[in-house]
Structure formats: C-alpha cells, structure tokens
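Everything below concerns the one structure shown next.
Number of protein chains: 2
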Amino acid sequence: MTRKPLTLTGSALAVLRALVERGPSTRPQLGQDLGLSRPTMSAAMAELMEAGLVEPIGSVHGGMGRRAVEYRVATHAGHVIAVDAGSTHIRLRLSTLDRRLLHASLHPLPKSQYSLTPQISSVVAAAVAEALEKTEADWGPLLAMVIAIPTRVVGPEGDTAATDQEVIFTNFAPPPQVDCTLVNNVNCAAVAEYHYGAARGRQTFAFMQVGVKIGLGLMLNGQILPGVNGAAGEIGHITFPFAPGLTPVPGEAERYIGTEAFMTRVRADWPESSGRPPADTYELLARAGEGDATALRHVEGHAAEIGAVIAICVSVIDPGLVVLGGGYGASPLLRPKVEEVVRHLAFPAEITTSTLAAEATVLGAERLAVDRAVCVLLGLPA
Amino acid sequence: MTRKPLTLTGSALAVLRALVERGPSTRPQLGQDLGLSRPTMSAAMAELMEAGLVEPIGSVHGGMGRRAVEYRVATHAGHVIAVDAGSTHIRLRLSTLDRRLLHASLHPLPKSQYSLTPQISSVVAAAVAEALEKTEADWGPLLAMVIAIPTRVVGPEGDTAATDQEVIFTNFAPPPQVDCTLVNNVNCAAVAEYHYGAARGRQTFAFMQVGVKIGLGLMLNGQILPGVNGAAGEIGHITFPFAPGLTPVPGEAERYIGTEAFMTRVRADWPESSGRPPADTYELLARAGEGDATALRHVEGHAAEIGAVIAICVSVIDPGLVVLGGGYGASPLLRPKVEEVVRHLAFPAEITTSTLAAEATVLGAERLAVDRAVCVLLGLPA
DNA sequence: CTTTGTTTGTTAGGCTGCCTAATAATATGG
DNA sequence: CCATATTATTAGGCAGCCTAACAAACAAAG
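Chains as they are written, first to last, in the UniProt record's numbering: chain A, 1 to 382; chain B, 1 to 382.
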C-alpha cells in the first residue's frame with residue numbers, strides 16, 4: 001500500500017490535478033486557469049517530468065507566435081481499474097490517470113441478482129484477472145481500484161460486519177499492495193452525472209436511481225454525502241406507508257416502488273381488453289411510448305409515486321436538481337409527471353433524466369479511482 | 001459595508017480565529033494547538049496587536065518557569081448582535097467577538113405568532129434600538145448582525161420574493177453599514193447544539209425542532225446545509241399522507257405533527273374518566289411526567305409519529321445522531337419511543353435531547369454573527 | 001529570404017511567510 | 001543566590017511563489 005512519499009510543491013500538485021481533470025493541455029492554458037506565472041509553470045512541469053508523472057505529446061499553435069508544447073499525464077505514471085458490480089452485468093474499465101481507456105470489458109452474470117452475492121464476487125474476480133492479464137508493460141503500476149456495489153458501504157473504521165459489503169471479497173481478492181475502495185453504486189452514478197452527465201456544472205443535486213431497487217446519491221457542494229453509516233440515500237427505508245392509523249414497515253418503500261412489485265400491480269390491474277400484460281418494464285415502457293393508454297396510465301401512476309418519494313428528499317435536503325436514472329428511471333416518460341408532483345408537494349426542484357444510461361456507475365467509479373490514485377501517489381489520506 | 005481591507009498573514013488569522021473560538025489563551029497554548037513556532041506566534045501577535053484586534057489580559061503560570069501572557073480578542077475590536085425572532089419572544093444578545101456577553105434582552109410578543117409577521121419586526125426594531133442605546137463607547141464598532149427567523153431563507157442571489165424573509169424588514173431597518181444576515185432559526189439552533197449542546201464533538205448530525213411547526217437543521221461535516229433554495233430541513237413538506245390510495249397534501253406533515261393539531265387530537269380522544277383534558281402541551285407533558293396513563297399514551301403515540309418522520313430523515317441523510325429540540329421536542333419523555341421507532345424503521349442513529357432549551361437559537365445566531373464579523377474585518381466573502 | 005510582431009519558455013532576483021537555533025527574559029524552588 | 005524551567009525575541013535560512021527582463025520559436029508581411 002505504501003510507496004515512496006513523493007512530495008510535490010503546491011503548484012505542481014495543482015497542475016497534476018488539472019491534467020488529470022481535463023486531459024492534455026498546454027502550459028499557457030494551465031497557467032491561465034490555475035493563476036500561475038510562467039516561471040512557476042516551468043518549475044512545476046520540471047518537477048512533474050522529473051517524477052515521471054507527465055509527458056509531452058507534441059505542440060499546438062494558437063494563431064500567431066511560438067507553438068506551445070502540450071502535456072498529458074504520462075501513461076507510464078500508472079493506471080486504475082473501475083468495476084461496476086451490477087445485478088445483471090459486471091462492467092470494468094482500466095484507464096490512465098487522465099481517463100484514457102486502456103481496456104474495458106462487460107461480463108454478463110449467469111442470472112440477475114437481487115443483492116450482492118458470492119456469484120457476483122466470482123465474476124468480478126474473473127473480470128479483474130482478465131484485465132491484469134491484458135495489462136501491458138508500459139502502463140505503469142496499478143495504483144487504485146474502485147468497485148461499485150449495490151449495498152451501503154462503511155469505511156474501515158465503521159461496522160463492516162453490519163453491511164453486506166464484504167461479500168464482494170468471498171471469491172475475489174484485490175491484487176496485493178493495491179488501494180481498493182468500495183463505493184455504493186448509486187453514489188458512483190451520481191459522480192458520473194456530476195462530471196459528464198445531466199448534472200454537469202451543478203455543485204449540488206440528487207441522483208435518484210429507480211430499478212428493481214431504489215436509491216439516492218447526494219452530491220452537496222461537489223462532494224458525495226456517504227452518511228455516517230454509509231446509509232445516506234437509502235431511501236428504500238423511508239417510512240412507508242405513512243398515514244394516521246397505518247403501521248409503517250421497514251424497507252416497504254423499496255419493495256413498493258421497486259419495479260418487481262410495480263409490475264405485479266400492473267399485471268394484476270391489466271384489463272382483458274388491453275391484451276396480454278407486458279412481461280417486463282421494457283415492454284411496459286415501449287408500449288407506453290407507442291401511446292398505449294393502459295401502459296401510459298400505469299407509468300404515470302408510478303411516476304406520481306416516484307415523485308412523492310422525491311418530494312420527501314427535496315423537503316429534507318433541497319438539492320435544486322434531481323436527476324432520474326437507473327434501468328427504469330432513465331426513461332424520459334417519467335419526467336413530466338414526476339416534476340408535476342414534486343412541484344405540487346415540495347419546493348422548486350428541476351427534474352431531469354440521466355444521459356449516461358448503463359455506463360454511469362462505472363464511469364463514476366473510474367473518476368473516484370483516479371482521485372484515489374493521485375492520493376496514493378502523493379501519500380495523502382482520504 | 002466595506003471597511004479598510006486589513007489583510008492578515010495566515011498565522012495571524014489562525015490565531016485570531018482560535019481566540020474567537022475558545023476565548024482567552026496564552027501564546028504557548030495557541031502555538032501548541034495551531035502548530036506554530038514561537039517566533040511565528042510573536043509575529044502574529046504583534047500583527048494583531050498592531051491592528052488593535054487583541055489585547056493582553058494578564059499572565060498565567062503553569063508550574064515552573066516564566067509566566068505566560070494571556071491574550072483575548074480586544075473588546076475594542078468590535079461586537080455583534082444576535083436576534084432570535086421567535087414566535088412568543090424576541091431574544092437578543094450583544095457580544096464581543098469571543099462571545100463575552102455585553103448586553104442581553106428578552107422581549108415578549110403581544111401574542112403568539114404562527115409565522116413571521118410585521119409585529120415581530122416591530123419588536124425586533126425595539127430590541128435592537130434598545131441595544132444600540134446601551135452600547136458603550138469602548139465596545140468598538142458593530143460588525144455584524146444575525147437574525148434568526150422561522151422561515152426559509154435564501155441569499156441575495158436567490159429568489160427572496162418567494163420566501164417570507166423580507167417581512168422582518170417591514171418595521172425594522174438594520175443600522176446602516178452593518179452586515180446583517182438572516183438565518184433560519186432551526187439552523188441556528190443546530191449550530192448551537194454543535195458548539196455547546198448535545199452534539200458537541202459531532203461533525204455530522206441533524207437537529208429536529210418540534211413545536212407548533214416542525215423543522216430540521218442539518219449539520220454535515222461541521223457545515224450547515226442550507227439547501228439550494230434555503231429549504232433544506234423543511235420537513236413540514238414531506239409527502240403526507242403517503243400510502244397506496246391516499247392523496248398527499250402539501251404541508252400536511254407540519255400540520256399533523258405540529259402541536260396544535262396534536263393537541264386537538266388529544267382533546268378529542270380524551271376519555272371522560274381521565275378528567276379535564278390538558279390545556280396545552282406543557283400540561284400534557286407535566287401530567288405524563290407524573291405518570292398519568294392517558295397523557296403518557298398520547299405522548300408516546302405522538303413520539304412514534306415523530307420517530308416516523310425522523311426515520312425518513314435518517315434514511316435520506318444518515319446523520320448518525322439526531323438531537324430533539326424545540327418547545328415540545330426538548331421533553332425527555334419523547335426520546336425512548338422515538339429511538340425505538342427509528343431503530344425499527346431505519347438505520348442506526350443515536351437520539352438525544354437538546355440541552356440548551358430556549359437559548360439554543362440565539363446562541364447559534366451569535367456564533368454565526370461572530371463568523372460573519374471576522375469575515376467583515378478581513379474583507380472575506382461568505 | 002528577411003523583417004517584424006507575437007507567443008512561449010527561461011533566467012535573475014525579490015518578497016512573504018514560515019521554520020530552526022540561539023539568546024535573552026522572567027519565573028519557581030532549594 | 002543559583003539552578004532549572006518556561007516564555008519571548010532575535011538572527012538567519014528556506015520554500016514557494018511572484019515580476020521583470022531576456023531568449024527562442026513561429027506566422028505573416030514585405
């Protein structure tokens with residue numbers, strides 16, 4: 001875990017972070033954006049070159065005058081692995097520190113998993129083994145791994161026994177000496193929406209995932225809120241039903257809003273006159289998209305219930321923006337009704353739909369892995 | 001608003017902040033805690049003395065050796081005013097930057113107010129006028145004011161017209177050139193619990209106020225979460241009732257959980273055999289405290305409903321700790337049932353009861369005013 | 001092909017803000 | 001009064017940034 005300390009001057013660190021953030025850049029660009037003078041840029045670059053962290057990749061001319069040399073994070077500096085341990089597929093990305101993709105893979109699971117199981121662990125092990133196999137010599141060291149899992153996650157100081165997070169290691173062991181971090185999958189997706197998706201440029205927002213399960217990822221001032229027990233955003237456990245005379249049942253909201261119970265209700269309430277009920281949510285959404293009135297009615301009814309959940313979240317944290325995502329939630333058919341309900345019940349909040357689809361989680365994990373990798377290189381905590 | 005810039009060196013600023021934070025201290029103490037060398041402490045102190053921000057107040061001996069000089073923030077450096085514009089009383093504190101109380105007052109309102117009214121504004125105006133009247137010459141300038149109000153609050157860039165916050169200024173104008181900040185009263189109370197009360201030493205927690213209205217103050221990593229529209233913690237607007245087949249009503253949770261509707265239910269359901277129903281919550285709590293079974297049943301039933309609301313908040317943000325406060329919520333009778341319900345429905349969260357009672361809000365406002373004052377002195381934003 | 005103007009990168013030197021080390025100034029206790 | 005402990009100041013150094021001036025590379029115009 002511990003490699004050589006490698007302390008950098010403040011400006012060099014800022015330059016490294018900027019190159020990680022935005023990819024190849026010239027010195028004038030970096031100096032401008034970071035507010036550093038040319039001599040300081042010179043020193044910082046010399047420092048980073050010396051450490052083998054950056055490399056020149058040619059020169060660019062911007063109108064008149066001398067051409068500026070373009071630099072990027074050196075491939076040789078190292079790489080990261082991001083894994084999305086999903087319920088139907090395992091996705092893996094192996095990338096440089098500035099997120100140039102070096103290897104990617106998609107591994108279907110034998111059957112859909114409702115929770116984190118040893119079977120998922122096995123496929124993760126296979127995916128990572130394959131990635132290590134294909135690693136080339138000049139890719140530098142594997143600096144960090146982030147694995148996105150569909151459970152709540154606590155740090156080493158927390159009560160790891162109380163969560164299911166350790167299940168990921170039943171059939172998988174991370175390579176020795178490699179920094180390996182577990183992160184909740186919804187939080188990863190939120191990170192991706194923040195950097196690349198529907199929430200770009202927003203410092204504060206919530207990402208609501210709707211599929212077999214429901215969950216919320218909270219981004220507050222550019223930082224994910226994990227919660228003291230890793231349970232922030234576990235909105236499957238909101239009090240439900242909640243009304244005078246009714247007894248709430250723990251976890252009932254997740255079951256009720258989740259797509260399995262929803263589809264059961266749809267099938268039970270499907271009129272004979274509308275033909276065969278839809279087999280799954282994809283078919284339901286497809287029919288609703290074609291204008292089938294019965295399908296639309298169900299989708300809108302469900303959207304109103306999702307809106308009711310979001311109104312709760314908006315009342316508690318007032319995120320200003322809620323991004324809908326997940327296998328079911330990403331459908332643009334939901335948005336209008338959700339927005340209407342939220343506006344009626346709670347405070348103003350923009351509602352948008354995810355633009356990253358199934359890639360969101362692994363892209364967010366990659367992003368977090370790169371952050372970890374920079375910390376590992378510099379011996380920084382957190 | 002703008003006074004002379006007055007830039008300080010980093011260490012001097014740290015020393016000033018430390019003195020503001022913890023009151024009178026000696027140089028060795030400060031140097032130790034801030035990790036500053038003795039020469040740096042000397043320079044910082046010289047700088048602060050020069051600027052008239054600190055003053056020596058004697059010397060202290062710690063065992064053997066030379067006595068250490070003790071310093072504090074100079075009274076002459078300036079003062080702040082904190083106002084709690086509550087529903088039954090206006091509380092005011094006028095304090096030095098290190099929170100030595102110079103003047104305090106308590107002004108009852110003619111009658112209890114459900115929302116922020118012009119009448120409250122009038123009493124605030126009178127309270128502030130009286131405080132300015134009593135200000136002595138050597139107290140230095142009035143650097144900042146914070147007024148705690150029971151509405152959502154947005155900054156100048158937000159849509160102030162959409163909130164009721166401006167009502168505070170109907171009959172009151174802050175002294176010219178004085179930095180005046182409005183802050184939600186529940187958030188102020190949370191700040192006080194953080195520094196002095198039941199949440200001392202906790203970086204993340206939620207403060208739930210239960211009285212005529214309900215509200216949540218969210219402290220995340222030592223920072224209040226105000227929300228994008230100043231509506232974070234406005235849990236009076238959570239979806240309620242929320243159950244299949246029921247139609248939620250905006251703001252219904254506040255009415256239902258709030259003490260007015262609660263007492264109406266108590267009275268309606270009060271058996272003849274138990275004698276005259278209690279006139280208000282104080283009487284209800286008093287009787288419950290004496291062991292009256294009917295009163296206890298109602299208090300516990302209500303506590304379960306409060307617990308159901310808290311379970312929602314815990315599911316969304318997982319604060320680890322929830323402090324119960326407010327006129328009704330501060331009763332220790334609530335805690336056991338609330339804790340039981342939260343543990344049953346959601347994730348582990350400690351439940352405690354406020355220790356600051358009615359002073360919480362004004363103490364939090366004072367704290368925030370001091371922070372603002374330091375920023376004003378140094379020309380810093382936010 | 002040379003000149004000119006523009007942009008990029010380097011060198012020289014200075015300033016700020018912190019540090020360590022040494023010295024001076026009190027205090028307590030035999 | 002002297003030994004010891006603690007506090008404060010002085011002297012000198014170093015890291016990390018800056019500005020100013022200069023050298024190098026390039027495009028476009030003559």
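Built from N, CA and C at the ideal position, the CB exists for glycine as well.
Those residues of the stretch 159-192 of chain A placed with their C-beta closer than 7 Å to a C-beta in chain B do not exist. Assignment of beta-bridge partners to Gly215(A) by DSSP yields Gln209(A). In summary, Glu234(A) is buried, with 16 or more beta-carbon neighbours lying within 10 Å of its beta-carbon over all protein chains present. Assignment of beta-bridge partners to Gly78(B) by DSSP yields no partner. For the set Pro5(A), Leu284(A), Val146(A) and Arg202(A), the Cα lying nearest the Cα of Val178(A) is the one of Val146(A). When DSSP reads this structure, Thr26(B) sits in a beta bridge with Glu70(B).
Assignment of Asn184(B) by DSSP, reduced to helix, strand and coil, places it in the strand class. When C-beta distances to chain A are compared with 7 Å, the residues of the stretch 296-315 of chain B below that value are Ala308, Ala311, Ile312, Cys313 and Ser315, in chain order. Cβ atoms of Val228(B) and Gly320(A) come within 8 Å of each other, at about 3 Å. Per the Cβ contact rule, the stretch 290-309 of chain A is in contact with the stretch 269-280 of chain A (3 or more Cβ pairs under 8 Å). Annotation: Cβ neighbours of Thr239(B) in chain A (cutoff 7 Å, chain order): Ala308, Ala311, Ile312 and Leu345. Taken through DSSP and simplified to helix, strand or coil, Asp33(A) comes out as helix. For Met145(B), the enclosing beta strand (DSSP E) stretches over residues Leu142 to Ile149.
Annotation: Ala308(B) to Thr247(B) spans about 19 Å, alpha carbon to alpha carbon. CA-to-CA, the gap between Gln113(A) and Glu260(A) works out to about 13 Å. For Ala232(A), the neighbours in chain B by C-beta distance under 8 Å run, in chain order, Val316, Ile317 and Asp318. As computed with DSSP, Thr259(B) is found in no beta bridge at all. Residue contact check for Val153(A) against chain B: no CB pair falls below 8 Å. At a C-beta separation below 7 Å, Phe242(B) has these neighbours in chain A: Phe240, Pro241, Phe242, Ala243 and Ala308.
From the listed residues Asn171(A), Thr239(A) and Gly155(A), the smallest Cα separation to Gly230(A) is found for Gly155(A). Chain A places no beta carbon closer than 8 Å to that of Pro381(B), leaving this residue out of the contacts. Relative to Gln209(B), the option among Gly236(B), Leu220(B), Pro141(B) and Asn221(B) whose CA is nearest is Gly236(B). For chain A, the residues of the stretch 220-231 of chain B that bring a beta carbon within less than 9 Å of one of its beta carbons are Leu220, Asn221, Gln223, Leu225, Pro226, Gly227, Val228, Asn229, Gly230 and Ala231, in chain order. When Cβ-Cβ separations below 8 Å define contact, Leu246(B) makes contact with chain A. In this structure the stretch 334-353 of chain B touches the stretch 297-315 of chain B; the number of beta carbon pairs closer than 8 Å is three or more. Taking the CA atoms as reference points, His79(A) sits about 12 Å from Leu53(A).
For Val323(B), the enclosing beta strand (DSSP E) covers residues Leu321 to Gly325. Collapsing the DSSP output to three states places Pro39(B) in a helix. Looking at the DSSP output, Leu94(A) bridges to Ile81(A) and His103(A). A residue is called buried when at least 16 other Cβ atoms come within 10 angstroms of its Cβ; Leu380(B) does not meet this threshold and is exposed. Shown here, Thr353(B) sits in a strand according to DSSP, grouped into three states. Exclusion of the five residues before and after Leu102(B) leaves His79, Leu94, Ser95, Thr96 and Trp139 as the residues of its chain whose Cβ lies within less than 7 Å of its Cβ. Closest in alpha carbon position to Ala127(A), among Glu254(A), Ala303(A), Ser59(A) and Gly86(A), is Gly86(A). Under a 10 Å Cβ-count criterion, Gln32(B) is classified as exposed, with fewer than 16 other Cβ atoms of the shown protein chains found around its own Cβ. At a C-beta separation below 8 Å, Leu216(A) has these neighbours in chain B: Val316.
Going by C-alpha positions, Gly325(B) is about 23 Å away from Arg99(B).
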